[in-house]
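Peer 1: After the structure tokens below, expect a handful of questions from me.
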Amino acid sequence: MIHHANHIRPKADAIKLGGHQASSASMVSIMAALYFTALRPEDRVAVKPHAGPVFHAMQYLMGRQDLERMKNFRGWGGVQSYPSRTKDGDEVDFSTGSVGLGVGITAFTSLVQDYVAAKGWGQDLRLGRMIALMGDAELDEGNVYECLQEGWKHDLRNCWWVVDYNRQSLDGVVREGLWQRIEAIFGAFGWEVVRLKHGVLQRAAFAEPGGTALRDWIDACPNQDYAALTFMGGAVWRRRLMDDLGDQGEVSALIERRSDAELAALMENLGGNCVETMAEAFAAVDHDRPTCFLAYTIKGWGTPIAGHKDNHGGLMTKAQMADWQRHMGVPEGAEWEPFAAVEDKAGFRDWLDRVPFFAGGSRRQHDDRLPAPTLDLPSEREASTQAGFGKILDAIAKQGGALADRLVTTSPDVTGTTSLGPWVNRRKLFARAAREDAFRAQKIPSTAKWDFAPEGQHIELGIAEMNLMLFLGAAGLSHALFGKRLIPVGTVYDPFVARGLDALNYACYQDARFLLVGTPSGVTLAPEGGAHQSIASPLIGMSQDGLAAYEPAFVDELSVIMGWAFDYLQRDGAGDPDERTWLRDETGGSVYLRLSTNPIEQPGRRHDDAFRQGAIDGAYWLRPPGPNCEVVIAYQGVIAPEAIAAAGRLSGMRRDVGVLAVTSADRLNAGWTAAQRARARGVAGVRSHAERLLDGLPRDCRMVTVIDGHPATLAWLGAVAGHRTMSLGVEHFGQTGSIADLYHHYGIDAASIAETALGLSAGPRLAARR
Numbered sequence: 069m070i071h072h073a074n075h076i077r078p079k080a081d082a083i084k085l086g087g088h089q090a091s092s093a094s095m096v097s098i099m100a101a102l103y104f105t106a107l108r109p110e111d112r113v114a115v116k117p118h119a120g121p122v123f124h125a126m127q128y129l130m131g132r133q134d135l136e137r138m139k140n141f142r143g144w145g146g147v148q149s150y151p152s153r154t155k156d157g158d159e160v161d162f163s164t165g166s167v168g169l170g171v172g173i174t175a176f177t178s179l180v181q182d183y184v185a186a187k188g189w190g191q192d193l194r195l196g197r198m199i200a201l202m203g204d205a206e207l208d209e210g211n212v213y214e215c216l217q218e219g220w221k222h223d224l225r226n227c228w229w230v231v232d233y234n235r236q237s238l239d240g241v242v243r244e245g246l247w248q249r250i251e252a253i254f255g256a257f258g259w260e261v262v263r264l265k266h267g268v269l270q271r272a273a274f275a276e277p278g279g280t281a282l283r284d285w286i287d288a289c290p291n292q293d294y295a296a297l298t299f300m301g302g303a304v305w306r307r308r309l310m311d312d313l314g315d316q317g318e319v320s321a322l323i324e325r326r327s328d329a330e331l332a333a334l335m336e337n338l339g340g341n342c343v344e345t346m347a348e349a350f351a352a353v354d355h356d357r358p359t360c361f362l363a364y365t366i367k368g369w370g371t372p373i374a375g376h377k378d379n380h381g382g383l384m385t386k387a388q389m390a391d392w393q394r395h396m397g398v399p400e401g402a403e404w405e406p407f408a409a410v411e412d413k414a415g416f417r418d419w420l421d422r423v424p425f426f427a428g429g430s431r432r433q434h435d436d437r438l439p440a441p442t443l444d445l446p447s448e449r450e451a452s453t454q455a456g457f458g459k460i461l462d463a464i465a466k467q468g469g470a471l472a473d474r475l476v477t478t479s480p481d482v483t484g485t486t487s488l489g490p491w492v493n494r495r496k497l498f499a500r501a502a503r504e505d506a507f508r509a510q511k512i513p514s515t516a517k518w519d520f521a522p523e524g525q526h527i528e529l530g531i532a533e534m535n536l537m538l539f540l541g542a543a544g545l546s547h548a549l550f551g552k553r554l555i556p557v558g559t560v561y562d563p564f565v566a567r568g569l570d571a572l573n574y575a576c577y578q579d580a581r582f583l584l585v586g587t588p589s590g591v592t593l594a595p596e597g598g599a600h601q602s603i604a605s606p607l608i609g610m611s612q613d614g615l616a617a618y619e620p621a622f623v624d625e626l627s628v629i630m631g632w633a634f635d636y637l638q639r640d641g642a643g644d645p646d647e648r649t650w651l652r653d654e655t656g657g658s659v660y661l662r663l664s665t666n667p668i669e670q671p672g673r674r675h676d677d678a679f680r681q682g683a684i685d686g687a688y689w690l691r692p693p694g695p696n697c698e699v700v701i702a703y704q705g706v707i708a709p710e711a712i713a714a715a716g717r718l719s720g721m722r723r724d725v726g727v728l729a730v731t732s733a734d735r736l737n738a739g740w741t742a743a744q745r746a747r748a749r750g751v752a753g754v755r756s757h758a759e760r761l762l763d764g765l766p767r768d769c770r771m772v773t774v775i776d777g778h779p780a781t782l783a784w785l786g787a788v789a790g791h792r793t794m795s796l797g798v799e800h801f802g803q804t805g806s807i808a809d810l811y812h813h814y815g816i817d818a819a820s821i822a823e824t825a826l827g828l829s830a831g832p833r834l835a836a837r838r
């Protein structure tokens, strides 16, 4: 498959396609033993990204992948470079690609499995093992160690990590003695470690006279030497071994009894390259403790490029492939025949049909959608969106119902400061074994009821945002992995969304479904200073695929959006655009809310459909423009009072001023760009929500946009209908101070907004009234 993509299939350009032949070869025996002897239908596997071709080949062998997609590997419509849940179909349990993340999500999926199984509605779940196949270089990724610690806290079980310890990374050979560090670290967190260094050929040789000396030599041989000797082959192996071990009688005889080819096969028969050794190791596990298999392998095992330090991106030449094909016994022209080199095809096919893992049918599970609750909070004069979020969840917890029972919250040690406290007090924290809150038991006053129980619905995580996003990704796939739908809600301080961004992207790439709440946000978090004041997060929300980003200003907006979001998270439609908004709402996705702790005056109760639908679609007119509108102020989020006050300051100096409340620059922009693409394809009558909102504005109307975040978030609005626009926001790190100080410093206070509008538009250039 890799050779075909690089050397046979016609190319449109000179770019190397690649495919990781060597990294795939080192995993063949491990994956054969795992999939064909050890796995059960309830087990789930994250495949090492660079072993994707082996995974695809196994699916093809089992009749679960078609030939044309295989032939188009790394091409349009072909099987993906790295296993993908959304691009490769139902047989992929976890997408992989960004190394380390596929490893971590298996641990969090095991925690999710325990969570589901502890509930009355999940007790019919058959517990499976969550397994990661990983390269040794993935152990350089910091998220792996964050995950190990979190797993220890939650008594992780039913999790296997199988390390392809080929001791070669992209740029070279790994340090000596790494295996000792690996074993020590895993052991410290309560993992069983199974070291698999020697295959059956080597173990048999060690039992021969002189075998102990050979074993000692193998165990002491530096990684670089072992790799280089593997590449050079049997004759060089013999010369080196005789130089180091010769003239010792028994060991010399052991070496001399084997031909060069037999000696090379012996020396390359490491544990991870031996199907029998790996199958025995997997079968020997008789407990549910987390287990790390440290499987020694040869990178490129069995191929002409085995052991070479450049083989990570290397490819066999056409001549090398032809020789290797003859060596493997595959006739010319039969390269795509699944049983080309098998003598007893009928017997082999019958054996494959009885492999337990592949007998379980489709890997993709389903669950019914849950009705979204009605959210109608009492109106308050002043409130922050973060406080409103907490009250909405508390109301759901109190109200109960199917969705409330499937809702699971989580937070990286900021549960109380992101307003999850009331929810947790009602619904408890999750643990497999009940643990009483010692403070409550001792009658020490506290607002937090920190009781752990199997029925609990909050997962408390440590301060590691990557773990938060990985947990949301795992919980957001529960319906597809376990047939039990969860509604995951995670909170994090908004500036630290960026700390978990790789894992957030990974979760979205898998089409996991969750609600992420970033709060508090912006320089509005004035006393905390620049390290805690988010600037770029609105742009992250706009650019992240699979994530609908919102930033409501008022609690009634938030209530409407959350009600919609609980349904949106569960959608799985065909993806045809809604002709009203040109958004692909039927496909569903995850949702990101950027909230604030700043209490602002609320607009009173609003129930009109235009407001509700506008809040969902991304914007509505808070103050509709008059027919002779000269200025529009468009704002997003907590800056609303400043925008409203600025419009009031313009009264009498500019006519018919309009105030546009943007709740989601993301959805508003996505609908506009989708409508433009449709028109470019010749679709008639296409109008986006943004275009309809701005249609009636005079051509010479001016627009000022403002946000407590990067001004580029709303800067595009002027291009919708060709209005000259000035965009205000925050572009540089913040600092401590009062909200008024910081708003004035960054030019997003009411006076600055009004002065900008006066300077941009025709008419008197008087200073705005203060």
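Here the sequence shown is numbered in the numbering used here, starting from 69 and rising by one per residue. Every residue, glycine too, gets a C-beta built ideally from N, C-alpha and C. Because the structure is a prediction, the values reported are computed rather than measured.
1. Does the region 178-192 come close enough to the region 542-556 to have 3 or more Cβ pairs within less than 8 angstroms?
2. Enumerate in chain order the residues of its own chain whose CB-to-CB distance from Leu690 is below 6 angstroms, with the five nearest sequence positions on each side excluded.
3. Pull the bridge partners of Ile98 from the DSSP assignment, please.
4. I'd like the list of long-range same chain contacts for Phe679, defined as Cβ closer than 7 angstroms, with 5 residues on each side in sequence excluded.
5. How big is the Cα-Cα spacing for Phe498 and Ser149?
6. What three-state label does DSSP hand Glu324 in the structure shown?
7. Please classify Ser514 as buried or exposed, where buried requires at least 16 other C-beta atoms within 10 Å of its C-beta.
8. How close, in whole Å, do the beta carbons of Thr731 and Glu654 come, if the pair is a contact with beta carbons under 8 angstroms?
9. Can you find the residues in the same chain that come closer than 7 angstroms, C-beta to C-beta, to Arg837, ignoring five residues on each side of it along the sequence?
10. Nearest to Met300 by CA position, among Trp247, Gly370, Asp356, is which residue?
11. For Met721 versus Leu826, is the C-beta distance shorter than 8 angstroms?
12. Tell me which residues share the same chain as Val482 and place their Cβ nearer than 7 angstroms to its Cβ, disregarding the 5 neighbours each side in the sequence.
13. Hey, is the region 319-335 in contact with the region 279-298, meaning 3+ C-beta pairs nearer than 8 angstroms?
14. Within the present structure, is the beta-carbon of Arg194 separated from the nearest heavy atom of the ligand SAH by less than 7 angstroms?
15. Using the Cα positions of Phe520 and Asp505, report the straight-line distance between them to the nearest angstrom.
16. Does DSSP classify Arg194 as helix, strand or coil?
17. Please determine, among Ile821, Arg760, Arg432, the residue with the shortest C-alpha to C-alpha distance to Val772.
18. Can the beta-carbon of Leu201 be found less than 8 angstroms from the beta-carbon of Ala119?
19. Using 10 angstroms around the beta-carbon of Thr587, count the other beta-carbons present and answer buried if the total reaches 16, otherwise exposed.
20. Rounded to a whole number of angstroms, what is the C-alpha to C-alpha distance between Met198 and Ser479?
21. Along the chain, where does the beta strand (DSSP E) that runs through Met130 open and close?
22. Out of Ser806, Thr824, Thr280, state which residue places its alpha-carbon closest to the alpha-carbon of Gly598.
23. Count the other C-beta atoms from every protein chain shown that fall within 10 angstroms of the C-beta of Phe801, then say buried if there are 16 or more, exposed otherwise.
24. Just how far apart, CA to CA, sit Asp672 and Ser664?
25. Within 8 angstroms, do at least three Cβ pairs link the region 85-95 to the region 382-393?
26. With distance defined between alpha-carbon atoms, name the residue in Ala465, Leu216, Ile373 nearest to Cys360.
27. Residues in its own chain within less than 6 angstroms of Ile527 by CB, not counting five upstream and five downstream?
28. Less than 8 angstroms between the beta carbons of Val591 and Ala633, yes or no?
29. DSSP has Asp232 in a bridge; who is on the other side?
30. Which of helix, strand or coil does DSSP assign to Ala616?
31. Given a cut-off of 8 angstroms, decide if Leu538 and Ile173 are closer than it, judged by their beta-carbon atoms.
32. So which of Arg308, Glu450, Arg432, Asp134 has the shortest CA-CA distance to Pro406?
33. Going by other Cβ atoms of all chains shown within 10 Å of its Cβ, with 16 needed for buried, is Lys79 buried or exposed?
34. Would you check if there are 3 or more beta carbon pairs closer than 8 angstroms linking the region 690-705 to the region 737-753?
35. What do you reckon, are the CB atoms on Met630 and Thr781 nearer than 8 angstroms?
36. Rounding to the nearest angstrom, what Cα-Cα distance links Pro595 and Gln803 in this structure?
Peer 2: From the atom records:
1. yes
2. The residue given as residue 690 occupies position 622 in the sequence shown. Short of 6 angstroms from the beta carbon of Leu690, and not among the five residues preceding or following it, lie these beta carbons of its own chain, in chain order: Val727, Ala729.
3. Numbered from 1 along the sequence shown, position 30 holds the residue referred to as residue 98. Partner(s): none; Ile98 has no beta bridge.
4. Within the sequence shown, numbered from 1, the residue matching residue 679 stands at position 611. Excluding positions up to five away in sequence, the list reads Tyr688.
5. Here residue 498 corresponds to residue number 430 of the sequence shown, with the count starting at 1. Here residue 149 corresponds to residue number 81 of the sequence shown, with the count starting at 1. For Phe498 and Ser149, the distance between alpha carbons rounds to 38 angstroms.
6. Reading the sequence shown from its first residue, position 256 is the one you call residue 324. In the structure shown, Glu324 sits in a helix (DSSP, three-state: H, G or I).
7. On the sequence shown, position 446 is the one that residue 514 refers to. Classification of Ser514: exposed, given that the 10 Å Cβ count is below 16.
8. Stepping through the sequence shown from its first residue, residue 731 is reached at position 663. Stepping through the sequence shown from its first residue, residue 654 is reached at position 586. Actually they are not in contact, since the Cβ atoms of Thr731 and Glu654 sit about 20 angstroms apart, beyond 8 angstroms.
9. For the purposes of this step, residue 837 is taken as the residue at position 769 of the sequence shown. Reliability fails at Arg837, whose pLDDT of 44 lies under 50, so the model's placement of it is uncertain and no value is given.
10. Taking the sequence shown and counting its residues from 1, one reaches residue 300 at position 232. Closest by alpha carbon: Gly370.
11. Translated into the one-based positions of the sequence shown, residue 721 becomes position 653. Translated into the one-based positions of the sequence shown, residue 826 becomes position 758. Taking 8 angstroms as the Cβ cut-off, Met721 and Leu826 qualify as a contacting pair.
12. Looking up residue 482 in the sequence shown gives position 414. Same-chain partners within the cutoff: Thr559, Val560, Tyr561.
13. yes
14. Looking at this structure, you won't find the ligand SAH or any other ligand, since it has none at all.
15. Counted from its first residue, the sequence shown places residue 520 at position 452. Counted from its first residue, the sequence shown places residue 505 at position 437. Distance between the alpha carbons of Phe520 and Asp505: 8 angstroms.
16. For the purposes of this step, residue 194 is taken as the residue at position 126 of the sequence shown. If DSSP states are grouped into helix, strand and coil, Arg194 belongs with coil.
17. In the sequence shown, the residue the question calls residue 772 occupies position 704. Taking only the C-alpha atoms, the option nearest Val772 is Ile821.
18. The residue given as residue 201 occupies position 133 in the sequence shown. The residue given as residue 119 occupies position 51 in the sequence shown. In contact: Leu201 and Ala119 (Cβ atoms closer than 8 angstroms).
19. Sequence index remark: in the sequence shown, residue 587 carries index 519 (1-based). Of the residues assessed, Thr587 falls on the buried side of the cut-off, its CB having 16 or more other CB atoms within 10 angstroms.
20. For the purposes of this step, residue 198 is identified with residue 130 of the sequence shown, where counting begins at 1. For the purposes of this step, residue 479 is identified with residue 411 of the sequence shown, where counting begins at 1. Roughly 23 angstroms separates the two Cα atoms.
21. Within the sequence shown, the letter at position 62 stands for residue 130. From DSSP, Met130 is part of no beta strand (DSSP E); its letter is neither H nor E.
22. Residue numbering aside, residue 598 sits at position 530 when the sequence shown is read from its first letter. The candidate whose alpha carbon is nearest that of Gly598 is Ser806.
23. Counted from its first residue, the sequence shown places residue 801 at position 733. By the 10 Å Cβ count, Phe801 comes out exposed.
24. Stepping through the sequence shown from its first residue, residue 672 is reached at position 604. Stepping through the sequence shown from its first residue, residue 664 is reached at position 596. It is worth fixing the name first, because residue 672 is Gly in this sequence and not Asp. A straight-line Cα-Cα distance of about 19 angstroms links Gly672 and Ser664.
25. yes
26. Sequence index remark: in the sequence shown, residue 360 carries index 292 (1-based). Of the listed residues, the one whose Cα sits closest to Cys360 is Leu216.
27. On the sequence shown, residue 527 is found 459 positions in, with the first residue counted as 1. Result list for Ile527: Thr478, Phe498, in chain order.
28. The residue given as residue 591 occupies position 523 in the sequence shown. The residue given as residue 633 occupies position 565 in the sequence shown. Taking C-beta atoms as the reference points, Val591 and Ala633 fail to come closer than 8 angstroms.
29. Within the sequence shown, the letter at position 164 stands for residue 232. Paired residue(s): Gly203, Ala363.
30. By 1-based counting over the sequence shown, the position of residue 616 is 548. Reduced to three states, the DSSP call for Ala616 is strand.
31. Residue 173 sits at position 105 when you count from the first residue of the sequence shown. Residue 538 sits at position 470 when you count from the first residue of the sequence shown. Their beta carbons are under 8 angstroms apart, which means Ile173 touches Leu538 by this criterion.
32. Taking the first residue of the sequence shown as 1, we reach residue 406 at position 338. When only C-alpha atoms are compared, the closest one is Asp134.
33. Taking the first residue of the sequence shown as 1, we reach residue 79 at position 11. So Lys79 counts as exposed.
34. Not touching, per the Cβ criterion.
35. Locating residue 630 in the sequence shown gives position 562, counting from the first residue. Locating residue 781 in the sequence shown gives position 713, counting from the first residue. Contact flag unset, no.
36. As a first step, residue 595 is located in the sequence shown; it is residue number 527 there, counting from the start. As a first step, residue 803 is located in the sequence shown; it is residue number 735 there, counting from the start. The straight-line gap from Cα to Cα measures roughly 8 angstroms.
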